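The next block holds one structure in the form of structure tokens; read it before the comments.
Protein chains: 2
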Amino acid sequence: MDDERIGKVFRVIEERRDAFIEELLDFLKIPSVSADSSYRIDVRRAAEWLVASLARLGMETKIFETGNHPIVFGELFTSFDRPTLLVYGHYDVQPPDPLDEWTNNPFDPSIRDGYVYARGASDDKGQLFAHMKALDAWRQCGFELPVNLKFVFEGEEEIGSPSLEAFLKNNEDLLKADAVVISDGHQFAKGIPAITYGLRGLAYFEVEVEGPKMDLHSGGFGGLVMNPIHALIFILSRLKDLKDCILIDNFYDDVIMPDEEEREMIRQLPFDEEALRKELGVRELFGEDGFLPLERKSFRPTLDINGIWGGYQKEGAKTIIPSRAGAKVSIRLVPNQRHDVVTRLFVEYLKKIAPPAVKVNVRVLAGANPVLVDRKLPEMKAAEHAIEIGFGKKPVFIREGGTIPVVNMFYEILGVRPLLMIGFGRPDDRIHGPDERFHLDDFLCGMKTAVALWIELAKLSFRSEGS
Amino acid sequence: MDDERIGKVFRVIEERRDAFIEELLDFLKIPSVSADSSYRIDVRRAAEWLVASLARLGMETKIFETGNHPIVFGELFTSFDRPTLLVYGHYDVQPPDPLDEWTNNPFDPSIRDGYVYARGASDDKGQLFAHMKALDAWRQCGFELPVNLKFVFEGEEEIGSPSLEAFLKNNEDLLKADAVVISDGHQFAKGIPAITYGLRGLAYFEVEVEGPKMDLHSGGFGGLVMNPIHALIFILSRLKDLKDCILIDNFYDDVIMPDEEEREMIRQLPFDEEALRKELGVRELFGEDGFLPLERKSFRPTLDINGIWGGYQKEGAKTIIPSRAGAKVSIRLVPNQRHDVVTRLFVEYLKKIAPPAVKVNVRVLAGANPVLVDRKLPEMKAAEHAIEIGFGKKPVFIREGGTIPVVNMFYEILGVRPLLMIGFGRPDDRIHGPDERFHLDDFLCGMKTAVALWIELAKLSFRSEGS
Chain A
40 MDDERIGKVF
50 RVIEERRDAF
60 IEELLDFLKI
70 PSVSADSSYR
80 IDVRRAAEWL
90 VASLARLGME
100 TKIFETGNHP
110 IVFGELFTSF
120 DRPTLLVYGH
130 YDVQPPDPLD
140 EWTNNPFDPS
150 IRDGYVYARG
160 ASDDKGQLFA
170 HMKALDAWRQ
180 CGFELPVNLK
190 FVFEGEEEIG
200 SPSLEAFLKN
210 NEDLLKADAV
220 VISDGHQFAK
230 GIPAITYGLR
240 GLAYFEVEVE
250 GPKMDLHSGG
260 FGGLVMNPIH
270 ALIFILSRLK
280 DLKDCILIDN
290 FYDDVIMPDE
300 EEREMIRQLP
310 FDEEALRKEL
320 GVRELFGEDG
330 FLPLERKSFR
340 PTLDINGIWG
350 GYQKEGAKTI
360 IPSRAGAKVS
370 IRLVPNQRHD
380 VVTRLFVEYL
390 KKIAPPAVKV
400 NVRVLAGANP
410 VLVDRKLPEM
420 KAAEHAIEIG
430 FGKKPVFIRE
440 GGTIPVVNMF
450 YEILGVRPLL
460 MIGFGRPDDR
470 IHGPDERFHL
480 DDFLCGMKTA
490 VALWIELAKL
500 SFRSEGS
Chain B
40 MDDERIGKVF
50 RVIEERRDAF
60 IEELLDFLKI
70 PSVSADSSYR
80 IDVRRAAEWL
90 VASLARLGME
100 TKIFETGNHP
110 IVFGELFTSF
120 DRPTLLVYGH
130 YDVQPPDPLD
140 EWTNNPFDPS
150 IRDGYVYARG
160 ASDDKGQLFA
170 HMKALDAWRQ
180 CGFELPVNLK
190 FVFEGEEEIG
200 SPSLEAFLKN
210 NEDLLKADAV
220 VISDGHQFAK
230 GIPAITYGLR
240 GLAYFEVEVE
250 GPKMDLHSGG
260 FGGLVMNPIH
270 ALIFILSRLK
280 DLKDCILIDN
290 FYDDVIMPDE
300 EEREMIRQLP
310 FDEEALRKEL
320 GVRELFGEDG
330 FLPLERKSFR
340 PTLDINGIWG
350 GYQKEGAKTI
360 IPSRAGAKVS
370 IRLVPNQRHD
380 VVTRLFVEYL
390 KKIAPPAVKV
400 NVRVLAGANP
410 VLVDRKLPEM
420 KAAEHAIEIG
430 FGKKPVFIRE
440 GGTIPVVNMF
450 YEILGVRPLL
460 MIGFGRPDDR
470 IHGPDERFHL
480 DDFLCGMKTA
490 VALWIELAKL
500 SFRSEGS
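Protein chains in written order, with this note's numbering: chain A, 40 to 506; chain B, 40 to 506.
Below you can see the structure in the form of structure tokens.
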């Protein structure tokens, strides 16, 4: 009987493919950039667009205001004796810069070679929309939903989800769920779907160095003052060495290594180092000594400078000593590091190494702890089956290099243990970069996986309590 | 009889002060930014404005085309038995960035507290214009000019004077002169006029690092590739140490120390370290170990990063590894360093230290050799007297930290030895920075000094040959 429902719903998904894609394009056209306040109205427009869509799916909806961008909530309750699945996603997107490296306008989606190209296509609008359209297809078949569904879509994920924690704390009853599914990642590789059971955390800083109170001529003043760009470079060059080892005092104290079974799982994953090198266009892959590339991005912390600025950046030669310079620095954390501890270590280290001739300011822009889900939970098994049905292939279990700060919040605040991270996208979707894209096959397989997940979760023995 | 002429001309300068200032404001309104090609038309407009002004002074004028911005020439010949003075200046200006740190629009001059505020006010429009208006006042008195005058005003000084060398070589006869006066610097301090007999040279580079061919997500790719900002920082942090000692191999080989008389002259100059520190708003002055501040900027080479860029520079947290990063690096050279030698050393050093995982490109943007004029020449004595008459105070002899690439060209190509560098501006005129300014008293004293210089030079025994 399950198979019968699946067959019917899948047929509707295939039939309505083009209409679903059209709707997705409408969603992608809204430039909901959360980091840049000049897009504020557009972020709200995206939230309102979602609420209207959810209402058309028969859901009870509500917009929750925050200090900044709103949270969209939708609920479809069917029965107390069915498990409740909470679907999390985010409708905000990264800034589209650098604009001139895009083939199409990032907010005027273009379909080429089976992909839809747009900012947010894969991260995360396309993925969350697959869950919504799965419900659309299901409802058209007239079946009763085997689960209770709750949708939580936030608009601040790309700026570190500053309002979500309070939202979860203030609405614990409303959000009670037996499992949370999050599709904000990607498959392991083309044709190899995955369940992510680990995520790295994040500590993100802005460092600014203040030198003279005005820009100075480098001829007349070169030799008289410390150049703030030099001071900044001095600081940044002491954050890690040329073997990619982080130099912040006590930084590695809380880092734990994975067990042998896990390391073996990583080694079994197909990984073509040369193909990746070519795809990225680099001379060689690079990272911490003593670890394989997949290990480095799975369970080792890394530090990156995400941006740097100071002085004259345009055409030609301007001979100044600028009055200030700055950089954005982020650290990816692994179990059992805590972002607040690492933030303290970072600030202390900077205080220690900052040259006395300049003033150094540090601002904390984001923080999130790393996550590890028990990969033996029955809900993980259900998700494994659902993916096999939706994508036609058994998934691998992986730990991801990225950060989804909210996953930790669902664990810590709502107490949900089965956190099902099922990314529908692909590793080369170019999220956060120019020409971000999402394959339309993945959009379809994502809808099918969502449908299969409801059926698989409903099969598990009654777990209607929240822990 | 000299004194009589001076008294009369000085009275005219005082009487016509306001009209002269009005004309200067018109000149300053033209945004003749040579480094930025979007101002190309404005640079030409400034050249044409000058030609018209020179013609009104009774000069024969000509515009010399270059591949880029034109050179303006004006000549007033009086007699073969009078010395010929060539006045050099430049009508192009530095880019006005950062615009938001200006009190007034940089090309809408504003007069406050006796200063005119505008980009180019001191560097060099206001100073070259003083020489022109001196001639204006002189002619109104009806005296015969005691010298032959040649004006050469170029439009590419701020981009390293790429066309001037060919211009001088192609027009040696036209430009023959007994002395060259250049007012493109400043007095030693408020109330202490100076003759500059030394300049530092310049080698200016743009360094660009290429990493992956597209921006990458720092979560998914952190630990897999070398971040080009890191590679850049690694390189830049190895250019000099924290004691401001330049680390490029063999860099100091050709540096010569000044003689004891010179060092004593420097030590005699009034210099208030604490006042300068306060004025610049820095915690402490900073520079090479073992040298006084004035020594560091007079006869020691320095290296500055004038600009740096890469990745995300705007509001908020964007988690990318950028595909490229770059910086502008300039080195101030001292006798007997040569810019071509230092350029070779720089490129070789970068090749040696560049991390193999990235591609590093170096572009040479400008080069100029340092200059030392014999401070015992009779023309230097004449200039000393002229300044005493024009400013009412005996000048000090100094070596400047900045670079005027053309001074070297006049020495090397035209073979002129008396290179009279008489800056009318002040050290705190904020040239190259926001709120550049020029004091109107200096404008007047500059005109008077120009007048006195003609008279003093004419007193020297016939030196009508070019060497």
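From the three backbone atoms N, C-alpha and C, an ideal C-beta is built for every residue, glycine too.
Here the structure is a predicted model, which means the values were calculated and not measured.
8 Å Cβ cutoff, residue i in contact with chain B
| i | result |
| --- | --- |
| A407(A) | no |
| P466(A) | yes |
| L499(A) | no |
| A74(A) | yes |
| T105(A) | no |
| T382(A) | no |
| H530(A) | In the structure displayed, chain A extends from 40 to 506; residue 530(A) sits before or after that span and is not available. |
| R371(A) | yes |
| V321(A) | yes |
| M40(A) | The pLDDT assigned to M40(A) is 43, lower than 50, so where the model puts this residue is not dependable, and the model offers no usable value. |
| H24(A) | Residue 24(A) lies beyond the stretch modelled for chain A, which goes from 40 to 506, so this question has no answer here. |
| P395(A) | yes |
Test item: CB-CB of residue i and residue j under 8 Å
| i | j | result |
| --- | --- | --- |
| L124(B) | W493(B) | yes |
| G326(B) | L255(A) | no |
| A497(A) | I428(A) | no |
| S544(B) | M171(B) | Residue 544(B) lies beyond the stretch modelled for chain B, which goes from 40 to 506, so this question has no answer here. |
| I305(B) | S337(B) | yes |
| E197(B) | D131(B) | yes |
| I234(A) | M419(A) | yes |
| K68(B) | D147(B) | yes |
| F482(B) | A176(B) | no |
| L342(B) | K279(B) | yes |
| R465(A) | G237(A) | no |
| E312(B) | P332(B) | yes |
| G194(A) | H129(A) | yes |
| I392(A) | K367(A) | no |
| T382(B) | G406(B) | yes |
| F463(B) | Q179(B) | no |
Any chain A beta carbon closer than 8 Å to residue i
| i | result |
| --- | --- |
| W348(B) | yes |
| S503(B) | A caution first: S503(B) carries a pLDDT of 46, below 50, which makes its placement in the model unreliable, though a value can still be read off. For S503(B), the answer is no, since every Cβ of chain A falls outside 8 Å of its Cβ. |
| R83(B) | no |
| S506(B) | Any reading at S506(B) must be qualified, since the residue scores a pLDDT of 39, below 50, and its modelled position is unreliable; the value itself is stated next. No, its Cβ sits nowhere closer than 8 Å to a Cβ of chain A. |
| L263(B) | yes |
| Q226(B) | no |
| I360(B) | yes |
| K353(B) | yes |
| A364(B) | yes |
| P134(B) | yes |
Rounded Cβ spacing between residue i and residue j (contact assumed at less than 8 Å)
| i | j | result |
| --- | --- | --- |
| L115(B) | L188(B) | 5 Å |
| V186(A) | F112(A) | Contact flag wrong, Cβ pair sits at about 17 Å. |
| D75(B) | G355(A) | 7 Å |
| L384(B) | V401(B) | Wrong, their Cβ atoms sit about 12 Å apart, outside the cutoff. |
| F227(B) | L308(B) | 7 Å |
| T442(A) | R239(A) | 6 Å |
| V380(B) | Y127(B) | No, V380(B) and Y127(B) are not in contact; Cβ-Cβ is about 26 Å, not under 8 Å. |
| F206(B) | I110(B) | 6 Å |
Per DSSP, cross-strand counterpart(s) of residue i
| i | result |
| --- | --- |
| K172(B) | Per DSSP, none; premise fails for K172(B). |
| H225(B) | G464(B) |
| K314(A) | Checking the displayed sequence, the identity of residue 314(A) turns out to be Ala instead of Lys. For A314(A), which the question treats as bridged, DSSP gives no partner whatsoever. |
| S242(B) | Note on identity: in this sequence residue 242(B) is Ala, with Ser being the wrong assignment. Looking at the DSSP assignment, A242(B) forms a beta bridge with I370(B) and G406(B). |
| L459(A) | V220(A) |
With three or more beta-carbon pairs closer than 8 Å as the criterion, would you say the stretch 288-296 of chain B touches the stretch 358-371 of chain A? no
Are three or more beta carbon pairs between the stretch 450-462 of chain B and the stretch 78-96 of chain B nearer than 8 Å? no
Contact between the stretch 95-108 of chain A and the stretch 214-225 of chain B is defined here as three or more beta-carbon pairs at a separation below 8 Å; is this criterion met? no
Take every Cβ of the stretch 45-58 of chain B, pair it with every Cβ of the stretch 194-209 of chain A, and state whether three or more of those distances are shorter than 8 Å. no
Taking one C-beta from the stretch 247-254 of chain A and one from the stretch 246-261 of chain B each time, how about it: are there three or more such pairs within less than 8 Å? no
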